[in-house]
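These notes are about the structure you will find just below.
Number of protein chains: 2
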Amino acid sequence: MAVRLLKRWIVGNPLETKHMVHERLPKWKALAVFSSDALSSVAYATQEILIPLSLFSVAAMSWSIPIALCITALLIAVSTSYWQTIRSYPNGGGAYLVVMDNLGVRPALVTAAALLIDYVLTVSVSVAAGVEAITSAVPVLYEHRLTLGCIAIGIVTMINLRGVRESGTVFALPTYLFIFSFVLLIGVGLFKLLTGSLQPQATLVGTAYPALPVFLILRAFASGCAALTGIEAISNGVPAFRKPESKNAQITLLWMALILSAFFLGITALSHYLLIHPSETETVISLLARQILGDGALYYLVQLSTALILLLAANTSFADFPRVCSLLAKDRFLPRQLSSLGDRLVFSNGIFLLGLVSALLLIVFQGTTHYLIPLYAIGVFLSFTMSQSGMVKHHWKLREPGWKVSLALNALGGVTTAVVLLVIAVTKFSHGAWVVIVLIPLLSLWFRGTREHYRKVAAQLVITDRVDLLKPLKHVVVLPISGIHRGVVDAVQYARSIATDIRVVHVELEEESTARVKHSWDKLNSGLELTILKSPYRSVVQPILEYIRKVDGESGDDLLTVVIPEFVTARWWQTLFHNQTALIIRTALLFQRGKVVTSVRYHLSR
Amino acid sequence: MAVRLLKRWIVGNPLETKHMVHERLPKWKALAVFSSDALSSVAYATQEILIPLSLFSVAAMSWSIPIALCITALLIAVSTSYWQTIRSYPNGGGAYLVVMDNLGVRPALVTAAALLIDYVLTVSVSVAAGVEAITSAVPVLYEHRLTLGCIAIGIVTMINLRGVRESGTVFALPTYLFIFSFVLLIGVGLFKLLTGSLQPQATLVGTAYPALPVFLILRAFASGCAALTGIEAISNGVPAFRKPESKNAQITLLWMALILSAFFLGITALSHYLLIHPSETETVISLLARQILGDGALYYLVQLSTALILLLAANTSFADFPRVCSLLAKDRFLPRQLSSLGDRLVFSNGIFLLGLVSALLLIVFQGTTHYLIPLYAIGVFLSFTMSQSGMVKHHWKLREPGWKVSLALNALGGVTTAVVLLVIAVTKFSHGAWVVIVLIPLLSLWFRGTREHYRKVAAQLVITDRVDLLKPLKHVVVLPISGIHRGVVDAVQYARSIATDIRVVHVELEEESTARVKHSWDKLNSGLELTILKSPYRSVVQPILEYIRKVDGESGDDLLTVVIPEFVTARWWQTLFHNQTALIIRTALLFQRGKVVTSVRYHLSR
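Chains X and H are the protein sequences, given in the same order.
Mapping to my numbering: the first sequence position 122 is 128, numbers consecutive.
Mapping to my numbering: the second sequence position 499 is 505, numbers consecutive.
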């Protein structure tokens with residue numbers, strides 16, 4: 007009862023199935039809903055490029071400019087590919103569906119594994135980065151960042167368990183606040199640079215673009231690819247757009263790609279010209295905003311809006327992860343509990359699972375974005391590659407008008423992302439990427455094992471032959487008693503109501519008390535004989551089990567019911583004061599065929 | 007199965023009740039069995055006197071001599087009291103029994119609480135001190151002392167779960183080894199001192215016996231009183247002696263008191279003359295033995311025999327604690343599980359509990375004797391005082407020949423120990439004694455609450471009126487099904503065998519699948535109607551519970567059985583892949599009267 011009240015208080019009252027509605031979003035709302043994940047990566051992408059370079063030398067950081075340009079080119083290629091996907095899959099082209107549709111089950115499961123890992127990491131990375139945005143502005147919170155991160159995940163989980171309904175409008179505010187504050191940051195920064203009113207606080211030592219190991223440049227590039235995460239969101243959500251859905255979705259995708267490119271290049275360029283050096287306790291964005299906007303209200307606006315959009319990005323995974331889980335569970339690749347809509351019309355089990363796993367990940371990686379990033383991009387780029395390959399197959403199969411151009415664009419996107427995937431896997435392998443590389447095949451194998459289990463169960467449960475439901479069963483009841491009390495009376499009456507062949511047994515632990523039990527039993531005049539079982543080893547359960555085996559052997563193929571008189575204490579913890587004989591007998595008989603264990607309960611009132 | 011094999015391997019095969027035997031001990035064996043606890047306290051008592059004094063000044067440590075003399079006087083008083091107890095209670099005069107017999111239930115429960123706490127602390131303190139004896143000799147083990155302590159408790163627990171049978175002989179070796187090595191240590195020490203071949207390594211600064219705060223002297227005295235722990239053991243164990251039991255026990259008590267006094271005074275005197283200064287990483291005994299015997303084999307013999315007798319002392323609690331628990335449990339002051347003899351004819355639950363609690367205590371107090379000592383003596387001296395008070399009452403009631411002298415001796419013992427108890431409580435209160443002072447009354451209240459619970463249960467279970475076991479019951483069966491499969495066939499056949507009024511119900515989650523279920527059901531030709539229950543909130547369990555309530559309301563005071571078709575997966579973890587509907591229904595109905603829940607299981611083979 008208390009548990010139920012607590013649940014109601016946290017997640018709200020249950021909602022009826024008929025209340026399920028689907029909101030149709032105008033483009034400006036859709037941009038807010040679907041782009042938070044992609045745009046928010048601006049908060050950490052530049053920093054991730056600078057960190058490996060800065061470890062080499064300050065001058066090496068100038069390489070961030072060409073690297074950022076490469077990533078922007080990659081962004082254009084990937085966006086173009088998804089532009090195609092939107093047209094071909096107007097009902098929503100999530101990578102799992104596209105791959106399943108075109109490449110079959112095994113590649114689809116690999117994609118699904120990559121997607122699930124990606125969603126979990128989106129939560130962990132976004133929350134870690136969001137907390138870092140806050141602790142950059144309020145350094146006293148730095149040592150509490152892990153606690154803050156876990157609280158944030160807890161809140162987002164709770165909100166999602168309640169069900170997020172007013173999504174469009176609620177999402178618009180933080181997204182447009184973020185866009186506004188970053189336009190301001192980059193605009194003011196460029197203006198001050200051009201008018202010469204802003205100078206780098208450090209001076210560059212050595213020449214720009216010094217010779218670097220190629221591996222280091224590739225590693226910085228791989229880290230920066232985190233900027234592309236979330237770009238596929240619009241193509242998954244096409245049905246949520248107003249009509250014409252595909253066209254509106256494509257226009258929104260274009261806008262998102264433009265804003266993302268502008269922000270990413272702007273931040274990287276400003277960081278370069280102001281010679282920002284990554285610090286452990288303060289983010290690059292914070293260092294930049296402090297220099298450009300000073301230490302006033304505008305600086306705090308940038309930090310706050312960054313934290314908010316990152317939380318929003320984490321929140322989108324709470325819609326996507328349970329949705330993909332439920333798709334997999336409906337196909338029996340995951341336990342079926344993940345496919346059931348909860349009280350509030352959301353996939354509660356999936357939401358709960360995501361909250362738990364992402365919080366654990368956050369704790370393992372000490373709430374630090376930089377430690378999580380190497381794991382992040384693998385899943386994302388694997389699903390990009392699989393999805394584009396699926397699209398290539400799609401165009402090849404259907405050969406709709408203009409299919410050759412479409413195929414070429416998707417092939418280009420697929421090959422590019424595959425190459426990037428390889429670069430990330432190699433350069434980040436020892437930094438943690440290996441975990442994901444090992445996990446993806448294991449997960450996809452597990453999906454198949456799960457389906458196989460369900461298949462076996464179904465095969466065993468199907469009724470193949472003619473069955474006779476009217477077939478009478480011969481029925482023996484074994485009724486163990488420890489003494490003569492109220493509960494025994496109920497149990498005997500019940501046994502009489504379900505069968506005629508009743509064996510009442512008592513296990514002798516002390517001769518004296520057994521004599522008393524026998525005497526009281528005879529006084530009850532039940533007409534039933536009491537069998538006394540010896541117990542040389544003082545166990546209550548073993549002699550009963552042996553007796554059951556014996557009776558079962560005698561009566562052949564009939565059914566045997568063990569009726570156990572059990573009293574239920576008034577409060578649950580009082581159970582600890584009593585022997586758990588019923589529970590032990592039930593457990594012992596759990597795996598034996600043809601035994602039914604029935605507890606007849608006598609309820610104590612105090 | 008695996009669990010059972012593991013248990014067999016650890017604790018051995020079960021023993022039959024008839025194998026229970028009682029060994030009768032000659033005096034020399036009895037001394038070994040019953041005195042390990044008392045004698046082993048020599049290992050830490052002197053050190054505990056020196057620590058508070060040494061914190062004041064080196065010269066202050068000379069006060070250890072008069073303090074040790076006082077404690078020896080106390081020892082004589084307490085031994086004399088127990089000498090009386092042995093004569094009056096030849097069947098074993100444990101403090102709990104003596105107090106229950108003479109002073110009634112409440113004082114007896116306070117005594118029992120003190121005793122149980124004392125036994126737990128005996129284990130923790132002895133193991134901590136034993137490990138310190140080892141780490142003094144082998145300093146590299148110092149940082150692993152907590153692990154070593156836990157391993158030691160684990161081993162002793164395991165040995166006791168197996169049952170210690172050959173106790174007398176096994177105990178003799180380490181006890182006499184200890185006596186031998188300490189006679190050697192003290193003898194050689196005194197000889198070398200008298201012949202002048204041994205000199206203090208430090209020189210005394212300041213005058214001996216400087217003025218000290220009285221509180222400090224009392225605190226040092228209170229700490230040293232740990233020397234008296236275990237002195238009551240012989241009076242508990244009188245029936246184990248050979249005839250004449252009382253006389254033999256008294257002689258053994260005399261010997262034990264003599265040896266203990268000699269060792270304690272000897273060690274304290276030597277420590278004083280050699281100006282031993284307590285160290286954190288090495289015990290006083292170890293420092294002493296190193297100076298007197300050098301760094302050779304004899305030194306290691308002293309350390310090893312000290313560790314062994316301390317382990318033996320811990321072991322005695324594993325006999326006493328479960329015994330007192332079982333006495334309390336038989337009187338229903340503790341959960342009855344503590345009164346049952348296990349497989350190996352020992353009170354397994356009590357042994358397990360003691361191992362667990364003492365290990366936890368060891369961990370909380372970082373495996374350090376000095377931190378544990380302030381908690382130790384309270385329980386011991388409280389039980390001394392209660393026991394002596396009981397003896398005073400005993401003499402007053404019976405007035406046997408010479409009762410006046412006996413009463414006076416016991417009264418003297420009781421008053422002395424009461425005064426010491428007060429001194430310990432005051433001087434050690436803030437060092438941890440408060441925990442025990444709070445815990446003892448709480449525990450004794452809990453004992454009474456437990457008995458009250460059992461009394462209430464018994465009152466509710468007693469059959470007061472005439473009952474009619476032949477009274478026929480009207481019987482309704484509710485049978486919920488999720489689909490039509492093999493398990494349903496078994497459940498329907500079972501339901502038919504126990505009742506005629508059977509209501510088969512199905513909860514509709516999706517209209518489509520419900521139609522399929524209905525169609526398959528009709529094809530089965532069971533002659534039973536299938537009721538479809540709507541579920542607006544997509545819960546499977548709620549509509550079933552509501553239906554049960556409705557049927558129960560209609561059918562009046564008759565019994566309702568819910569028969570649930572359940573399949574049992576081939577491996578236990580596969581259960582996680584399936585909905586736990588049966589479990590949820592069972593739990594929901596647990597506290598409702600007149601509902602019987604029966605699972606009819608269908609076993610999957612793979």
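The beta-carbon is built from N, C-alpha and C at its ideal position, and this holds for glycine as well.
None of these values were measured; they are calculated from a predicted model.
Item, Value
"C-alpha gap between Ala226 (chain X) and Thr422 (chain X), whole angstroms", "17 Å"
"Touch test, the region 261–276 of chain X against the region 38–49 of chain X, Cβ-Cβ under 8 Å, three pairs minimum", "yes"
"Per-residue contacts from Ile469 (chain X) into chain H (C-beta, under 9 Å)", "Ile490, His491, Arg492, Val494, Val495, Ser526, Leu530"
"Minimum C-alpha distance to Ser142 (chain H) - residue among H:Ala295, H:Ile71, H:Ser42, H:Ser130", "H:Ala295"
"Residues near Lys462 (chain X) in its chain [Cβ-Cβ closer than 8 Å; skip 5 each side]", "none"
"Best match in H:Ala38, H:Phe597, H:Ser561 for proximity to Trp578 (chain X) [C-alpha to C-alpha]", "H:Phe597"
"Interface flag, Gln580 (chain X) vs chain H, CB-CB below 8 Å", "yes"
"Paired residues, beta bridge with Tyr543 (chain H) - DSSP", "DSSP lists no partner for Tyr543 (chain H)."
"Proximity below 8 Å, CB of Pro478 (chain X) to CB of Ser545 (chain H)", "no"
"Element boundaries [beta strand (DSSP E), containing Glu514 (chain H)]", "507–514"
"CB contact check: Lys198 (chain H) to chain X, cutoff 8 Å", "no"
"N-terminal and C-terminal residue of the alpha helix (DSSP H) that Tyr125 (chain X) is part of", "111–143"
"Distance between beta carbons of Val398 (chain H) and Ala383 (chain H), contact taken as under 8 Å", "Not quite, the Cβ-Cβ distance comes to about 22 Å (not below 8 Å), so this is no contact."
"Reduced DSSP category for Val568 (chain X) - H, G, I as helix; E, B as strand; rest coil", "strand"
"Any alpha helix (DSSP H) of 4 or more consecutive residues that is wholly inside the region 37–81 of chain X", "48–62"
"Residues of the region 564–588 of chain H with Cβ closer than 7 Å to any Cβ of chain X, in chain order", "Leu565, Phe573, Val574, Gln580, Leu582, Phe583, Asn585"
"For Pro486 (chain X), the residue or residues it bridges with in DSSP", "X:Val511"
"Close-in-space but distant-in-sequence residues of the same chain around Ala255 (chain X) (CB under 6 Å, 5 per side omitted)", "Ile92, Ile240, Val244, Phe247"
"Every unbroken alpha helix (DSSP H) inside the region 435–497 of chain X [4 residues or more]", "439–467"
"Straight-line gap, Leu276 (chain H) to Leu196 (chain H) (C-alpha atoms, nearest Å)", "7 Å"
"Val606 (chain X) - partner residues in DSSP beta bridges", "X:Pro571"
"Within chain B, partners of His481 (chain H) - CB distance below 9 Å", "You won't find chain B in this structure, because its protein chains are X and H."
"Minimum Cβ-Cβ distance from His512 (chain X) to chain H less than 8 Å", "no"
"Val603 (chain X) vs Ile591 (chain X) beta-carbon contact at 8 Å", "yes"
"Ile469 (chain H) beta carbon less than 8 Å from that of Ala313 (chain H)", "no"
"Nearest-angstrom Cα separation, counted from Leu413 (chain H) out to His401 (chain H)", "6 Å"
"Cβ shell of Tyr615 (chain H) (< 7 Å), same chain only, five flanking positions each side left out", "As displayed, chain H neither begins before 7 nor continues past 612, which places residue 615 (chain H) out of reach and without an answer."
"Within chain H, the residues that His401 (chain X) reaches when beta carbons sit closer than 7 Å", "None at all; the shortest Cβ gap to chain H is about 35 Å."
"Reduced DSSP category for Phe247 (chain X) - H, G, I as helix; E, B as strand; rest coil", "strand"
"Residues in the region 307–339 of chain H having any Cβ partner in chain X nearer than 8 Å", "none"
"Sequence-distant residues of the same chain with beta carbon closer than 8 Å to Lys524 (chain X), five excluded per side", "His512, Leu536, Ile538"
"Which of helix, strand or coil DSSP assigns to Thr322 (chain H)", "helix"
"Sequence-distant residues of its chain with Cβ nearer than 7 Å to Ala594 (chain H) (five each side left out)", "Val547, Leu551"
"Three-state secondary structure assigned by DSSP to Ile538 (chain H)", "strand"
"Span separating the alpha-carbon of Ala431 (chain H) from that of Val441 (chain H)", "11 Å"
"Under 8 Å by beta carbon: chain H residues contacting Phe597 (chain X)", "Val574, His609"
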